[in-house]
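Q: Going by the numbering used here, 236 is the number at position 98 of the sequence shown; the sequence numbering is gapless. Each residue gets a CB set at the ideal place from its N, CA and C atoms; glycine is no exception. In this text the structure is predicted, and so the values were computed from the model without any measurement. One structure is given below, represented as structure tokens, and several questions about it will come after.
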Amino acid sequence: MDIARTPSTPDGNPEMADAPPMPKEPPVIRREDYTPFPWLVPVTRLEFELGIESTRVTCTLAIEPNPAVDGADVLRLNGDGLEPVSVEIDGEGASDWRMEDGDLVIPLAHERHEVTVVTRIAPAENSQLMGLYASNGMLCTQCEAEGFRRIAFFPDRPDVLSTYTVRMAGPKDQFPVLLSNGNRVATGEGEDGTHWAEWHDPWSKPSYLFALVAGDLVARTDSFTTMNGRAVELNIYVREGDLPRTQHAMESLKKSMRWDEETFGREYDLDLFNIVAVGDFNMGAMENKGLNVFNTKYVLADPETATDGDYDGIEGVIAHEYFHNWSGNRVTCRDWFQLSLKEGFTVLRDQLFSQDMQGEAVKRIEDVRLLRSIQFPEDSGPLAHPIRPDSFREISNFYTSTIYNKGAEVIRMMRTMAGPQAFRQGTDLYFERHDGEAATCEDFVKAMEDGAGLDLAQFRRWYSQAGTPKVEVALAHDGDTATLTLGQEIPATPGQLAKLPMPIPLKLALFDRATGKHRGEQLVVLDGADKTIAFDGFADAPVLSINRGFSAPVSIERAVSADDLVFLAAHDDDAFARYEAMQELIVGHLVAEVGGGLSDTDRDAGRAAIGGALEAILADEGLDDQMRGELMMLPSQTYIAEQLLVSDPGRIHAAREALKAWLGVRLEDALAALHERASKLSDGMTAEARGARKVKTQALVYLAAGSPERAAKMAAAQYDAATTMTDRQGALMVLCGLDGIERTNKLIDFYNRYRNNALVIDKWFSLQAASLHPAAIEHVKALAKHPDFSLRNPNRVRSLYMAFAGNPHAFHDASGEGYRIIADLILALDPLNAQTAARFVPPLGRWRRVEPGRAAMMRSELERIAATGGLSRDTFEQVSRSLG
Ligand code: TRP
Ligand code: ZN
């Protein structure tokens, strides 16, 4: 650990002695170096004198020796940018302390003490949005992962649990509402128009779950009666004008509470549950005990301003944060390497909840699409890491799709192997064993072994090995027997060259070509490097459906005929497998086109197969429109690129657009008819209406490629007739990719209609930045100068630049300008909001997978960033890993 801390100095260079010291590289923190904290902190008392410009914090800790640790002669309290105003030990002013790397170090005999430290902080100047900060005149906190140390000196690590009492005072007109964790135990009036409130949280918690909110807010109030008949008061706090848009969030909360009782036996444990919506927020939401803080994006919705996707997002995130009350708060993490213990498990819980609310098939497809478009590329690039990482420099960089989404897949595989009932016995045992503790991933796996009766000895490798396994699949047929051969290989990832095989649960079925039926689904666990299984009684070669329901997060590699894929796309009774067959059919075609180039005959044959399959999907009356919409979706450019070792983004884009245009022409009548049928059904919030809206916009996407003028008229009409944001946004999305007066007019109309609604204006930025329009780069440059753009609001930054970085034809423009725009953004944003800035590095970090001309430009942008002095830990780490 110390070796990594020491900046390297070249040997034998006499001039080095006089050279200014090299900036210190942020140290590497290693999982294997974990040691428990030498002190316990049973009780914490915080007092806040609140002000937007300046807040005074008095933090009193009751400490005692941790019996699990031999001895200590200092107390080290983490701090980040803090100065102690005063330090008191056992009631006496102390001067025997020192500052070390921002921390407060106090020499102290290993006995019980009371330590009081006063600090003063400046919320208005806090642009990082970590710690205590100001947003729209209110004050709020974000402490996970290491934000508490920006408020008070404290052992800011998740394994130090304490009970908190919080008193806060401030001007009543400015901060009529004063909130913290737990229950409000006292309130009162002070002098000069101030008031105060005292809160007590009876549950012991780590500092990252602390929260405080003060502001001029109003609440939607409701109540929930728990399974044991306890009444819980529920509040969702927002700014006054936003109150009408909180109904869906409240409904989602109540559904989540009931579902967690029914599905996991988890009951809420306080008399009060508060949610606050904040406009300036680094991520989606935060599970602070009894006081969840949310990005407004995941609270506010009505049909006029929020899309169906936004509604689902709210339902899922409300559930996610609520579920953390058990998976995260009652059982927390020992250290940040265990992050997936709470995040992977909680994502699985919110996925299962949303499956129950919205329908299993479509939700599963959406989750897999997200995994493949974000996590798979992460797992095959320079930032690949296991779901339980071994080291980091900045933990904020590890709130990744791997920790969250692959983490959820790993736990889902245990559930698949155990079955839902045994899985529940495993989770029951986990919660019972570790309630009130800071646990590890190993504790979870052990509880699953003991409670669910699984042997997970080899399966543990999923926690330590990065990389998406490739599963080689071959099916042979001879006489009466079909023989399945499976083999696995896990690609090398940074720091992990050789891998061991991992158990891979694969659901499969063999279809009889003639009847279109299979003989029952089976679960096969590929538990070694390879495996062969014989299936008897097949006079003719069957059609294999494998990894049904996406039972394992792997990529399947197999030689399969277009005929078999067309068959599965039409007949498979597993919805995911049906979707998958369609994707495989298209990916195979496009990869061949981009990789080697197809002969005219092969191209015609490929297109005909895809066109025929899509035509059948458009006509299939047995399909509901939500599922039809999924089957209509082309694989994303990222997913296609993922199949190739190195690729030319320009060629992928061109091939994908050409196929889309061909399908738009070939199926023009059917698509227009679908659009017309769906237009009659698309009002209201029923599942049927939602499905209709989904296929409508999908139809326009193809028509825009095949018959742009006709599509522009249809889109403009859809925009004008829209009664929901889903229809209006869908129409504007299509128009943004086209040229013409409709585009200009509707963009102006949209802006004027919604100029006072920040979340909708975010959409306005995003649609233009993500568009297929050839001048998207110019549009982004102009939008960056728009008066409504600001680097200080993460939602706005993401709406413009994440949309742009995810827009392949624009970001990968052959000029390299797209790369420069993102690098300039990172440099401008890093001093203001390092966490958000670092999230823009991964798109540039993919350079090794891009053709040499563009790769050199991407790399040189990363080098330009790396050469800049004073980078944050966040950006330093991501850029150096990406170059490494
Ligand atoms: N724990 C939060 C969740 O998954 C996310 C989170 C972590 C977060 N760090 C954050 C949110 C920083 C905002 C800012 O639900
Ligand atoms: Zn979470």
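Assign Gly605 to one of three DSSP states: helix, strand, or coil.
A: Three-state DSSP puts Gly605 in coil, outside helix and strand.
Q: For Leu277 and Val315, what's the separation of their Cα atoms in angstroms?
A: When rounded, the distance between both Cα atoms is 10 Å.
Q: When the Cα of Pro680 is compared with those of Ala667, Arg657, Val692, Ala690, which residue comes out closest?
A: With distances taken between Cα atoms, Pro680 lies closest to Arg657.
Q: The beta strand (DSSP E) that contains Glu806, what's its start and end?
A: Unbroken run through Glu806 is the alpha helix (DSSP H), 806-817; no beta strand (DSSP E).
Q: With a 10 Å radius around its C-beta and 16 neighbouring C-beta atoms as the bar for buried, classify Arg893 as buried or exposed.
A: Exposed, because fewer than 16 other Cβ atoms sit within 10 Å of the Cβ of Arg893.
Q: Classify Pro990: buried if its beta carbon has 16 or more other beta carbons within 10 angstroms, exposed otherwise.
A: When all chains shown are included, Pro990 counts as exposed.
Q: Should Ser361 go down as buried or exposed, given a rule of 16 or more other Cβ atoms within 10 Å for buried?
A: Ser361 should be labelled exposed.
Q: With DSSP as the reference, label Glu989 as helix, strand or coil.
A: Three-state result, Glu989: coil.
Q: Using the Cβ count rule (16 or more neighbours within 10 Å means buried), how would you classify Glu1015?
A: It counts as buried.
Q: Going by DSSP, which residues form a beta bridge with Thr578?
A: Answer by DSSP bridge pairing: none, since Thr578 is not bridged.
Q: Do Thr364 and the ligand ZN come close, with the Cβ less than 8 Å from some heavy atom?
A: Not so, every heavy atom of the ligand ZN lies at least 8 Å from the Cβ.
Q: Could you tell me the alpha carbon to alpha carbon distance between Arg214 and Ile778, rounded to whole angstroms?
A: Cα to Cα, the separation comes out at about 50 Å.
Q: Under the three-state reduction of DSSP, which class applies to Lys851: helix, strand or coil?
A: Helix, per DSSP.
Q: Ala272 bridges to which residues according to DSSP?
A: Its beta-bridge partners are Leu277.
Q: Alpha carbon to alpha carbon, how far is Ala743 from Asn535?
A: Each residue's Cα considered, the two are about 46 Å apart.
Q: Report the three-state DSSP secondary structure of Val225 (helix, strand or coil).
A: If DSSP states are grouped into helix, strand and coil, Val225 belongs with the strands.
Q: Nearest chain D C-beta to Pro309 closer than 9 Å, yes or no?
A: Absence of chain D from the displayed structure is noted, only one protein chain being present.
Q: So which of Tyr537, Gln493, Phe491, Ala896 has the shortest CA-CA distance to Leu477?
A: Closest by alpha carbon: Tyr537.
Q: On the criterion of 16 or more Cβ atoms from any shown chain inside 10 Å, does Leu267 qualify as buried, or is it exposed?
A: That one is buried.
Q: Have a look at Glu504 and Gly497 and give me their C-alpha separation to the nearest angstrom.
A: Looking at the two C-alpha atoms, the distance is approximately 11 Å.
Q: Three or more C-beta pairs closer than 8 Å, one from the segment 1001-1011 and one from the segment 960-969: is that the case here?
A: In short, these stretches touch, since the Cβ pair count reaches three.
Q: According to DSSP, simplified to helix, strand and coil, what is Asp674?
A: Asp674: strand per DSSP, three-state reduction.
Q: Closer than 8 Å by C-beta to Thr443: which residues in its own chain qualify, once you throw out the five before and the five after it? Chain order, please.
A: Cβ within range, chain order: Arg383, Met863, Tyr892, Asn895, Leu897, Val898.
Q: Rank Glu780, Thr303, Ser683, Met765 by C-alpha distance to the C-alpha of Gly605 and give the top, closest one.
A: Ranking the options by Cα distance to Gly605, first place goes to Glu780.
Q: Is Pro773 closer than 9 Å to Gln721 when the C-beta atoms are compared?
A: Yes.
Q: Just list the residues that DSSP pairs Thr182 with in beta bridges.
A: Answer by DSSP bridge pairing, in chain order: Leu199, Tyr302.
Q: Which residue's Cα is closest to the Cα of Ala232: Ala614, Val253, Ala793?
A: Ranking Ala614, Val253, Ala793 by Cα distance to Ala232 puts Val253 first.
Q: Excluding sequence positions up to five away, which residues of its chain have a Cβ less than 6 Å from the Cβ of Leu355?
A: Around Leu355: Val315, Tyr375.
Q: Assign Ile642 to one of three DSSP states: helix, strand, or coil.
A: Of the three classes helix, strand and coil, the one that applies to Ile642 here is strand, per DSSP.
Q: At a cut-off of 8 Å, is Ser465 close to the ligand TRP when judged by its beta-carbon and the heavy atoms of the ligand?
A: False, no ligand heavy atom lies under 8 Å from that Cβ.
Q: Taking 8 Å as the cut-off, does the CB of Pro480 come closer than this to any heavy atom belonging to the ligand ZN?
A: In the sequence under discussion, the amino acid at residue 480 is Lys, which differs from the Pro named in the question. Yes, the Cβ of Lys480 comes within 8 Å of a heavy atom of the ligand ZN.
Q: May I ask which residues mark the beginning and end of the beta strand (DSSP E) holding Ala457?
A: No beta strand (DSSP E) holds Ala457; the alpha helix (DSSP H) holding it covers 446-461.
Q: Helix, strand or coil: how does DSSP classify Asn216 here?
A: Strand at Asn216.
Q: How many Å lie between Glu587 and Tyr889 at the Cα?
A: The straight-line gap from Cα to Cα measures roughly 55 Å.
Q: Closer than 8 Å: is that where the CB of Asn420 sits relative to any heavy atom of the ligand TRP?
A: At least one heavy atom of the ligand TRP is nearer than 8 Å to the Cβ of Asn420, so yes.
Q: Go through its chain and collect everything with a Cβ distance to Glu425's Cβ below 6 Å, but skip five positions before and after it.
A: If we look at Glu425 and ignore the five residues flanking it on each side, its Cβ neighbours are Glu459, His462, Gly466.
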